[in-house]
Amino acid sequence: MKNTNIIIDGKNLKVPSNFSVLDAINKNKQYISQLCKDEDMNALGACRTCLVEIEGIRGLPASCSVPVSEGMNIKTKGENLDKIRNNVLSLTSGMLSKNKSGKDYKDLSTALNYYSADKNKFIPRERSKADTSNTVFDISMEDCILCGRCTTGCQEGAQFIGAIDMLGTGNDTRIGTFNDEPLVDSVCTTCGQCLSVCPTGAIKKKPDPVEIAKSVTTTCPYCGVGCGINIELDKNDNMINVSDDPTNKSSLGMLCIKGRFGYRFVQHKDRIKTPLIKKDGIFVESSWDEAIDLIADKFSGYVGNSFATLCSAKATNEDGYIQQKFSRVVMQSNNIDHCTRLCHSPSVEAMLKSLGSGATSNSYIDYEESGCLIIAGSDANSNHPVAASRMRRAVIEKGAKLIIINPRRIEMCDYADLWLRPKPGTDVALLNGIAKSILDQKLENTQFIESRTEGYEEWKKIIDDYTPEKVESITGVKSEDIIQAAKFYAKPKFGGSCLIWGMGITQHTNGTANAHSLLNLSLVTGELGKPGSGISPLRGQNNVQGCGDAGCLPNSFSGYQVIDDNTVKKFNNAWQTERIPTTHGYVVTDMVKKIEEGIVKAMYITGENPLLSEPDLNHAEKTFKKLEFLVVQDLFLHETAQIADVVLPAASFAEKDGTFTNSERRVQRVRAAISPIGKSKPDWEIIQLIANKVAEKLSLELNSQFAYNSPSEIWEEMAKLTPSISGINYERLENEGGIQWPCPDTNHPGTRYLYETDFPRGDRAKFFGYSQGRRADEMPNKKYPLTLITGRILYHWHGGTMTTRSEYLLSKASELEVSINPHDSNKFGINDGDWISVESKRGKLEARAYVTDKMSNGEIFVPFVKLQNHAANFLTNPAVDPESKIPEYKVCAVKIGKI
Amino acid sequence: MQLNKSYKNTKELLVDNFEPKKSSLLQALHMIQSINGFISQDDMITLSRYLKVAKSEIYGSITTYPEIQLSIDNDFKECSGLSCFINNKNEITNPTDCKFKCFNAPIGFQSHSTYSIEKKEYKKNNELITPIIDSSEILSRPVLLENINEIKDGTFDSYNKIYHFNALKEALNKSPEEIILLVEESGLKGRGGAYFPTATKWKMASTKTSIQKYLIVNCEEGEPGVFKDRLIMEHMPFKLIEGALIASYANNCSNLVFYINGEAENSFNSLKNALSQMEKNGIIGKNGKINNSNFKLKIKLESGAGGYVCGEETTLLNTMEGQRREPRLKPPFPTEKGVFSLPTIINNAETLCNITFILNNSINEFKQIGDKDFPGTKLLSISGHFKKSGILEIPMGIKISELLNHTQIEDADNKIEFLAIGGPSSGLLPKSEFHTKLKGGLINENGIMLGAGGFIGINSTIDPIDVVINLAKYNSSESCGKCTPCREGTPRMVKQLEQLKNNSVNNNSINDLNLLAETVNVASLCGLGQAAGNPIISYLKYFYNK
């Protein structure tokens, strides 16, 4: 970047040539009022308080809108300038509430004080009423100076939600929603972007904020998008706020409601504060020594195949790495798995088979550069809100085509060019139909198919009879829409095409077939391995990518190094042991079976709650109770912890250091903001204590293999043994921010997208063709006439263990809601708002009826979260996909009735 | 807007007529409103989905367009524009902004009909014809109104008979650079009110390599008391289009847009008709080829939706893109990054008519007219207490007194005491200053500008303070609301002027009022705010305590 020489208040300066005069003044650390300019957004030029004098330019230009030029002579103070600017500030102050005394108007108060401008010169004028309809924050027009930062943040400046805009003109200008409705009735998602940019505090969280004493930058603990957050603390180390981190490369200063307002679980009174040992059916508080000793005593009796461990996709990479190492080295068991089995195992299985790697191939920025997005079986607005914002940017700002595949009318449908609404369980037919139509229209990428794939001819035969007409009869999707979708995806007008999917594809008994059918679309068109294209299974947990990367899998070590004689030798050498078993271990769903069969007898579960996340919960509970010894390590005494023999208090993300790896393979730092709650400890410390103690009981020499002093030491070891992350270290993460793997050496900048030249499985990716099988294991019948679809809602995360302990989130959704089509509600005599029961042959729940045309006839929707003891998983079907072993959470047969 | 087809619903109408882009918003709103009379909530939702624009943004934009209604409005209103205000003997109870029928003042208005308050009769808008005032005594040779009587029926034949589109043909035989040079040598400056040298603007856009470039003809005439562009569009459309085609060619433009005030329906129809006549007669080819040359152009008419600020060029660009009707920051200037981020030249309709003259004649002939430093003429919109109202073409540089002496527009028994010149943001000029020369830019040191050529004469029956209040109210009601000084300052100016009128002031408050006017002028974002203090500054100088 070229530099330009300028003079500010007599001082000679060299600044980048693309700077505005305001940028230059700020860089020079000379104070100047600037109420409408947000650091991260374009200049709006509305507040007119950053006025300056520039030699040779008439009047008093606003410095935000003047680019620097060579030799420019700028003054930020001067008699006439001060007079005019202060009068503008007085006019601004005249907009504010009648009683200003003692009120802090943040940036505006700072400016009024700095320049000694008369804040009472103008009598306050009438303003419109405050909007207090949102339970989380208020928009108080009498404190608003109409700078436009909030509306920009809500729309093109960041989130592309568009709940609020500037309305009206002149003195009637206001911040408001469509039709001037209350905010709560608008499309507002309570992401808080508006609040974060408000310069006067007109938009503010309820109740009034407290003074911030300390702020720590770390990574959000919710979904796999991996947003940067700042944890803000008062002087007593209470977490009082979470703000966005504008420097984060994945989130670009955005957050969603969970990230910004869902932090209260950390210091919630329900946190487990000491180890608990169950004595005569009752938990008794114990010391760490006693608990560890007991665990070691027991575990040492289950070395080998009778031991299994579930790692946590919420914990850090370092936690996961040490846990699998403990299991393999000390317990001699490869029975290691984590929740990916319950979300994306079909995607991972299919991608490993077809391509050789189970990760998202592209980055979020590729959404923004693509010409067509297919979002299949994913309600990204609810589950990955910040990634969804970047998808909306592609569609709204860049004009990308958007195709939604979903049986439910999700909010993203508002912006869709095509909404394909297949009957549940018919995805294979639909996707094969799109592929067939691509071939029929000769839109395939012949060069890519010939040079970079195999299995094409065999696959072509399988999909050959999926004509649009036939597919219409199976799926209910109109044939012309299938043809149009093929056109949009295969021939984007600019950039490439992105395939994005979620649990709606995977959580089926034909999940792997679905995933393969999706991947085949990207192979037949070559829409991966280049900018603006790619394949994205959106990851649910903050570190589900990293948990797998760290080797928390029954069949591979870190970096997906599959367990075989060679790798076992490598890791035996590295870990100075000869104990690692060479046979692959059990996946989660098999573990459950093996408990029933009496083979798995002891389990160590960290940061997972299978008794909420397993299907058919009544049955799952019976099974887990069969374990002879169960240790659960977590933040709260949840359903699984309650049946444990020992419960260990783990420190939350806010209390420990480490790294998370997000959906775009970006390794990011997690930093402790507060000390561990009570006697809780970070997972890696606890695992290390257990490892050493078990070894002691077994008289095992560990050769200081579990003597880490910090997570960075763990990372160093993992990086050394894992080629894909070898170039990443804490020092780089500190200096450069998050880095995307593969990153083979310390000079490597990280990788934006995979598969540019080849695939981990070799030169060629492989087509695997599937025919449409049975739609689902359990179809509606006379007794259970409706199809239950499960999913998520924006305000709760997963089972709700964290979000139900965050008042702001609970205030948005405290009851379970069942969405029902008006036709069905009529048929079953149910009114909107009725309290109803939903029953499958396995169980029952109660919830509030929400009558909506977002659902098709015969289909109802219940979110996954457990509220007031009711959860969808009491109803769901444990039948699994034969290849990936994922349960069919998405579809089962139910009946409903008024209570 | 006339439709050839009826539609089942709004969605069908949109699919049939508009691209699914935000920039379709304003024209789509016009079409829906022309059918239903207003925009319903369902229409807005349909628009939001079809254009992929958030509902709040659709609503946010609509609430800035005075002419887009969210319910049917058939109320009788009285025009509060300055000419109507000073001519209306009664208090205006249900006011509406200037309807640009100043030559018929005072008027009322109800659902597309104009009501003459004096004659007590309704007239459809197209029955009201803008009068032309004879200028032969002051102007040796008309530039703009040349042959106006022969061509004012607006037909192709009458124009073609005299001019044969020779200016265009001449231009197409020259290189674009030659034409720019010609315009530069002519010294032509923009007639929209800012008087920026036309060739300089063109050159600012000519350095850009973009394959697409826009010329937008600013016919969004929205200043109370100014109605000359309507005369041009309705009575000499071919002269305007010819000039616009020449300018498009000179600047290698790919697109030409006539952006017309939303209320000026007759102007819109006149230009539409003229363009189709030119197509029929092969001046504009089916494929956009101009007069069978290699030069191709896409031509479009668009309607604004009211409001003074809509004529501000960056605001105009925003409305073309479906954004709120408010100005953009400059830089980037439109010549660099205009509509759809493409290089864009925005020229006033009157400016382009001069181009036709220059190409039909010679630079010297043009330069012989008007002032040595400021060649050419200007169309004044005469109204108020003058005996005659209408459009008068004057040579640049003429003294006001000379103009009054030689045109017989003043009534000898009803002398004009002061003038409101240049629209709502210029100033008041007292009789003692009638020696002032009229030309582009500031005409005296107290902020009085010729602007777009509004020329309202006011006699002794009106207190100047009432005129200033009328103008200040207008500026306040037209503030788009984007920047603080204008949004907050203009209503406070009204309040302080009203206090001044009621004598509840002291020296301090006069200083405050002066400072407020200066603040609004200096600190506002766009040209309109930057002139909103002018009437007050000139009032305090010439009339207060005099």
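In the order they appear, the protein sequences are chains W and P.
Under numbering that gives the first Met the number 0, think of the first position of the first sequence as 0, with each following residue one higher.
Under numbering that gives the first Met the number 0, think of the first position of the second sequence as 0, with each following residue one higher.
Ideal Cβ positions, reconstructed from N, Cα and C, are used throughout, including at glycine.
Report buried or exposed for residue i, applying the criterion of at least 16 other Cβ atoms within 10 angstroms of its Cβ.
i: residue 493 of chain W; result: exposed
i: residue 563 of chain W; result: exposed
i: residue 581 of chain W; result: exposed
i: residue 834 of chain W; result: exposed
i: residue 113 of chain W; result: exposed
i: residue 317 of chain P; result: buried
i: residue 659 of chain W; result: buried
i: residue 37 of chain P; result: exposed
i: residue 864 of chain W; result: buried
i: residue 404 of chain P; result: exposed
i: residue 411 of chain P; result: exposed
Under three-state DSSP, which class holds residue i?
i: residue 162 of chain P; result: helix
i: residue 527 of chain P; result: coil
i: residue 506 of chain W; result: coil
i: residue 722 of chain W; result: helix
i: residue 83 of chain P; result: helix
i: residue 729 of chain W; result: helix
i: residue 417 of chain P; result: strand
i: residue 790 of chain W; result: strand
i: residue 74 of chain P; result: coil
i: residue 759 of chain W; result: coil
i: residue 257 of chain W; result: helix
i: residue 254 of chain P; result: strand
i: residue 515 of chain W; result: helix
Are the beta-carbon atoms of residue i and residue j separated by less than 9 Å?
i: residue 73 of chain P; j: residue 47 of chain P; result: no
i: residue 63 of chain P; j: residue 76 of chain P; result: no
i: residue 481 of chain W; j: residue 436 of chain W; result: yes
i: residue 761 of chain W; j: residue 355 of chain W; result: yes
i: residue 615 of chain W; j: residue 509 of chain W; result: no
i: residue 307 of chain W; j: residue 332 of chain W; result: yes
i: residue 214 of chain W; j: residue 242 of chain W; result: yes
i: residue 611 of chain W; j: residue 637 of chain W; result: yes
i: residue 14 of chain P; j: residue 49 of chain P; result: yes
i: residue 439 of chain P; j: residue 224 of chain P; result: no
i: residue 899 of chain W; j: residue 12 of chain W; result: Absent from the model: residue 899 of chain W. The displayed extent of chain W is 0 to 898, so no value can be given.
i: residue 516 of chain P; j: residue 457 of chain P; result: no
Segment contact, 8 Å Cβ cut-off, at least three pairs: the stretch 804–824 of chain W with the stretch 855–864 of chain W: yes
Three or more C-beta pairs below 8 Å linking the stretch 109–122 of chain P and the stretch 376–395 of chain P: no
Completely contained beta strand (DSSP E) runs for the stretch 378–414 of chain W, where each covers 3 or more residues: 400–404
Three-pair Cβ contact test at 8 Å for the stretch 164–173 of chain W versus the stretch 478–487 of chain P: yes
Touching by the beta-carbon criterion (3+ pairs, under 8 Å), the stretch 777–786 of chain W and the stretch 585–605 of chain W: no
Uninterrupted alpha helix (DSSP H) stretches inside the stretch 624–649 of chain W (no shorter than 4 residues): 638–641
4 or more residues per run - each alpha helix (DSSP H) lying fully within the stretch 452–536 of chain P: 463–477, 483–500 and 506–522
Whole beta strand (DSSP E) elements within the stretch 91–159 of chain W, 3-residue minimum: 136–138
Validate contact between the stretch 154–166 of chain P and the stretch 409–424 of chain P using beta carbons, cut 8 Å, 3 pairs: no
In chain order, each alpha helix (DSSP H) run of at least 4 residues that lies wholly inside the stretch 160–216 of chain P: 165–171, 175–185 and 197–205
Inter-stretch contact at 8 Å, needing at least 3 Cβ pairs: the stretch 336–354 of chain P / the stretch 177–190 of chain P: yes
At least 3 beta-carbon pairs within less than 8 Å: the stretch 513–531 of chain W vs the stretch 447–461 of chain W: yes
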